[in-house]
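A short write-up of the structure that comes next.
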Amino acid sequence: MSKRYNFAAVLSAVVLICCGALILNQNVNAAGEGKITGTVKLDGPAPHMKGIDMGKDPYCAKAHANDPAHLETYVVGADGGLANVVVYISEGLSGSAAAESSATEPVFDQKNCMYTPHVLGLTVEQKFKVTTSDQTTHNIHPLPNPMTGNIPWNQSQPPGAAPVEKSWKAPEMIPVQCNIHPWMHGWFAVVKGPHATSDTKGTYTISNVPAGNYTVTAWQEAAGTQTQKVTVAAGGAGSANFTFKPK
Amino acid sequence: MQRNNLRKWSLLLGAVAIVALPMPSWAQLTKYDLESRMGVESHVGNITGHAKAAKADYRRYCVVCHGELGDGNGESFPWIDPKPRDFQLGVFKCRSTPTGTLPTDQDLFDTLARGLDRSNMPQWSTFTKQQRADLVAWVKHFSPRWTNEKPGTPITIPPEPEVTPERIKAGRDVFARVQCWKCHGVLGQANGPSAATLTDDLGRPIAAYNFTEGARPKCGDTDRDIYRIFMTGLDGTPMPSFADNIKPDEAWDLVFYLRTLMSQNSKEKAMAKQLGLKPVDPNAPAGQQ
Amino acid sequence: MRLSSHSRLRDVSYFGSLVLIAVFVMLACSPRANALPAFARKYGLRCSACHESWPMLNYFGQKFKDNGYQLMNDRDAPIWQSPGYWPVTFRMVSMWHRVSTGKVLVDTYSPGLTDPTGVAIQRITTSGFDLSGLDLHTGGTLDKNISFFLLPSSDPAGSFHFETVMARLDNLFGSPWLNIKLGKFELDNLLSEKRPLTLTGNGGIYQLYHFIPVGDGNIFGQIGDNQLGAELMGHSWNDRTRYSAALLSSNDGTTQLPYGNAYSGFFTASQAFDTGKAGVQRIGFYAMIGQAPTTWRTSGGATGFLPGAAIGNKSFSREGFVGQFYFGQHVDLQVVTQHGQDSAWFGQGYGDLIDGVATLNNTTGTVLPAGSRSPSWNGVLFEPHYIYSPQLIFIGRYETIRMSQQSTPGTPSNLGNISSYTLAFRYNPFMTSRAGFAWHNEYNWLHQDGTGPSLGLTSTNVNTSEVMTGFDFDF
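Spelled out as structure tokens, the structure:
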């Protein structure tokens, strides 16, 4: 055997071992998917959210005649639960798990001149729909940083318009606005892998989490981010609770 | 099997490498990054533009506003409004392509000679076509988007139909339905209820186009230009694309109606006068103009 | 820095010393060039956007000027400017130069005697530090499509005159083909002598634009001088095609109508071609055809000239081709040709007043000397540029003018012929939209046939050279 063949043999062996390990690892992951749950709270009293004067558009004003609209920077439940916090796995996911995009097609609705939901969590390349339930024209105008690979666009949606179907190329917290109704502000929270958005009680559940050690990040549009280490056993549940201080 | 796994392995390594790279913040390409992109070309008609050939012209004519790095941060940046375009973002107002896509080389080529009205961007119409093509390539070399994406497919503009009073009336209905007046005002005076709060993508105040001042629309003043403007939107500004909500035939109607708002004399204006066309009623419920 | 009416050279015997005086008179005049940081500040553009190298315009700058100092972006009217903006530019040159005139008639003295005892021909060389005059440019728009330009210009001693005063109605009926200007302005010379890349006494002007045959009395045909008149000018949207037709008073730009009721016309048109990688090439022609008086009506004696009352109009003409040729991004060549012709009356010295005195007056019964002819001549100018970068430019120029017919038969056929060579470079250490600063270096050598002083009967040729280095700045 020449030296070259020797080298090739060793290399193939190493590659084989590595690949084997990889496949085994994946098999284990696939075997039992766990979840991460927890509650997000706001420390202290809920900040005052300014009311929105929708007087410039009679349709919007009328829709909120009996239910005045407020800014949604902090949406706090009765017991301090903080809504609209996106919790996602920022470290520890295998490449394939991170690359997986969710097959569901969530909806971002423009209703009563507000965004529902206020924050829409998405994975990279996940398709979503922008719809309008309003009898007034909106323009849906996300403002990503083009340097990330996400490209800004701006489309109008007059009453009865068909949904706009889109997706994002890179993880980024993307603000979205309507220029016609300047109070309308929302977010597309684009992350890699499993994620969840807290409800008005502040609770969240990230499902389909493979077993492993992770760093979990919670992002709130104004208060910023917090991280925690979480361990998920195969088929088990990890837990991470977050408390934000209003800024 | 071994080969398949090898591929998987390298893909994984690649993915890790990409994740591990620091995320670039807004407009942060360095001179070094740009040096490596000098080979960018543009193709306009049968002319091929070369980025490298435009280096001297960019320095002579453009750098004062758009900056050495093409980030719009040239020495005149603080003093002019609207602010110079940041080429690194690869987002352009005047396109023949749908919103959210790159413009074609021809679009940039045309913008260079047309200039941008009501901004400090002059009409560089004295350049040779070759110079303009070279500068287009140069503009492209500032943004990695041109490496990663192809320009959008230009929208199809059907041949312009004959203007009729019916079409002008129909155009008025489109104007009412998609609520152009929210920003542009019922008379096109840029005084709609949302006009005062408009901001561009970087949060800077921006004015809606005033049809009545006699100024040219930003991206050209032919009928086709106006058609293109509202069907592609002006990316980076509050002006959205109406491509999904206005049918091509209706779009021509709207073009004709918009002409009646402009201060310049036109066939459309005369017809509207004859019709006694009234401005749209902002308080009418949707669909009941 | 150009031949004024008072430095016109007439008498051969005094020619050498007059040349020397003329050089100083030329230096005394200001550079007059239009390179306006006031415009750069208004639009946030660098000098290099409008100037090949300031003050010389490039095609974009030419279009800006043709549009009435407007970018045509609907932001040209002063109403869009900060109220604090005042469109004024100062320009001046500080320098060192050395002028050497080959032949000057100088008195000689004998020991112990206070009065000169003879004359000799000598070379006179002068060197030292000096200033140009001050140019106070102000120009721009009064409103959208109404533009103006005002240029009070001084000599180095601070004595001012109005070099340019004009208002212009731009884009009449919305058409770039119709623009009307009224006032005192530069003729539409493609190769503008008001924006020369050279500054010395003889090199800072185009000889072709001011040529007057020896002994000729016609000062009115100087296409390089700003003239009083009205101009109709137009151009295509991209400025590739342009024309200008101007009606001028035959006063050579002097106000208060010192001469008679005579007019001249200046016509020019040019077409530019996009030749791909080489650049844009432009060719055109110009013609100045006019009349000027030769007869001075007087009141109260032969020297009681009545201003504006001169009659006896005689004609003159100047015409030629202009070419601007570009060879890629670094090299270009500017070419101007001229054929000039004056009426025999001018050729014999009738026309302008010299220091307020008409030495020759075409009064009733005056006849020209037998055999007098119309003087005519041909000239050509080549000016190549090497533009290393917008901040460094090398300039060369060769000009020659050859008499083809002398007014007086028997006059040496080459009398008054001129050859001029100029070499220069200008370096701008910085390039901003706020101010201009150039380190200017130049050498000029001018040769003139038969105009040197002579101790015998034969005339001699005279060579004048000048070298200068200076700071040319404006803000």
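Protein chains in written order, with this note's numbering: chain A, 1 to 247; chain B, 1001 to 1289; chain C, 2001 to 2475.
Ideal Cβ positions, reconstructed from N, Cα and C, are used throughout, including at glycine.
Count the other CB atoms within 10 Å of the CB of residue i; is the residue buried (16 or more) or exposed (fewer)?
| i | result |
| --- | --- |
| Arg-2123 (chain C) | exposed |
| Pro-68 (chain A) | exposed |
| Glu-2193 (chain C) | buried |
| Gln-1968 (chain C) | Residue 1968 (chain C) cannot be examined here, being either before or after the span of chain C that is shown, 2001 to 2475. |
| Gly-2340 (chain C) | buried |
| Gln-1179 (chain B) | buried |
| Val-28 (chain A) | Note on Val-28 (chain A): pLDDT 42, under 50, position unreliable in the model; no value is reported. |
| Asn-208 (chain A) | exposed |
| Asn-1265 (chain B) | exposed |
| Gly-2365 (chain C) | exposed |
| Pro-1205 (chain B) | exposed |
| Gly-51 (chain A) | exposed |
| Ala-240 (chain A) | buried |
| Ala-2438 (chain C) | buried |
| Lys-1140 (chain B) | buried |
| Gly-186 (chain A) | buried |
| Glu-1160 (chain B) | exposed |
Helix, strand or coil: which one does DSSP assign to residue i?
| i | result |
| --- | --- |
| Pro-1159 (chain B) | coil |
| Arg-1060 (chain B) | helix |
| Ser-2094 (chain C) | strand |
| Tyr-2398 (chain C) | strand |
| Leu-1112 (chain B) | helix |
| Leu-2190 (chain C) | coil |
| His-195 (chain A) | strand |
| Trp-1079 (chain B) | helix |
| Ile-2289 (chain C) | strand |
| Asp-2342 (chain C) | strand |
| Tyr-2263 (chain C) | strand |
| Thr-1212 (chain B) | helix |
| Val-1139 (chain B) | helix |
| Trp-2080 (chain C) | helix |
| Ser-2048 (chain C) | helix |
What residues are listed by DSSP as bridge partners for residue i?
| i | result |
| --- | --- |
| Pro-68 (chain A) | According to DSSP, Pro-68 (chain A) bridges with nothing at all. |
| Ile-2418 (chain C) | C:Ile-2401 and C:Gln-2448 |
| Pro-210 (chain A) | A:Glu-33 |
| Ile-2393 (chain C) | C:Ile-2387 and C:Arg-2426 |
| Thr-1199 (chain B) | B:Pro-1205 |
| Phe-2273 (chain C) | C:Gln-2281 |
| Val-216 (chain A) | A:Ile-89 and A:Gln-228 |
| Lys-129 (chain A) | A:Val-107 and A:Glu-165 |
| Arg-2318 (chain C) | C:Met-2288 and C:Gly-2340 |
| Ala-237 (chain A) | A:Lys-35 |
| Trp-187 (chain A) | A:Val-119 and A:Pro-175 |
| Arg-1132 (chain B) | Answer is none; Arg-1132 (chain B) lacks a bridge partner. |
| Ser-1042 (chain B) | B:Gly-1049 |
Nearest to residue i by CA position, among the options, is which residue?
| i | options | result |
| --- | --- | --- |
| Ile-1229 (chain B) | B:Leu-1108, B:Cys-1219 and B:Lys-1278 | B:Cys-1219 |
| Leu-2306 (chain C) | C:Ser-2315, C:Phe-2316, C:Thr-2295 and C:Lys-2314 | C:Thr-2295 |
| Ile-1155 (chain B) | B:Ala-1272, B:Asp-1225 and B:Asn-1283 | B:Asp-1225 |
| Ala-2454 (chain C) | C:Leu-2105, C:Phe-2425, C:Ile-2212 and C:Gln-2070 | For the record, residue 2454 (chain C) in the displayed sequence is Ser; it is not Ala. Closest option to Ser-2454 (chain C), Cα to Cα, is C:Leu-2105. |
| Trp-2054 (chain C) | C:Ser-2433, C:Ile-2121, C:Asn-2461 and C:Thr-2469 | C:Ser-2433 |
| Tyr-1209 (chain B) | B:Met-1262, B:Ala-1190 and B:Leu-1277 | B:Ala-1190 |
| Pro-1193 (chain B) | A:Lys-50, A:Ser-133, A:Pro-175 and A:Ile-180 | A:Ile-180 |
| Ser-2249 (chain C) | C:Ser-2100, C:Leu-2228 and C:Lys-2065 | C:Leu-2228 |
| Arg-2195 (chain C) | C:Ser-2465, C:Leu-2392, C:Gly-2061 and C:Leu-2232 | C:Gly-2061 |
| Ser-2132 (chain C) | C:Val-2322, C:Phe-2090, C:Asp-2115 and C:Thr-2126 | C:Phe-2090 |
| Val-2119 (chain C) | C:Ser-2110, C:Ala-2272, C:Leu-2423 and C:Lys-2065 | C:Ser-2110 |
| Arg-2098 (chain C) | C:Tyr-2243, C:Val-2367, C:Asn-2444 and C:Gly-2044 | C:Asn-2444 |
Rounded to the nearest angstrom, how far is the Cβ of residue i from that of residue j, given a contact under 8 Å?
| i | j | result |
| --- | --- | --- |
| Leu-1254 (chain B) | Phe-1175 (chain B) | 6 Å |
| Lys-2184 (chain C) | Arg-2168 (chain C) | In fact, because the Cβ distance is near 12 Å, the residues do not count as touching under 8 Å. |
| Cys-1065 (chain B) | Phe-1077 (chain B) | 7 Å |
| Asp-2472 (chain C) | Leu-2134 (chain C) | Actually they are not in contact, since the Cβ atoms of Asp-2472 (chain C) and Leu-2134 (chain C) sit about 13 Å apart, beyond 8 Å. |
| Glu-2479 (chain C) | Gln-2334 (chain C) | What the structure shows of chain C is the stretch from 2001 to 2475, and residue 2479 (chain C) is not part of that stretch, so it cannot be assessed. |
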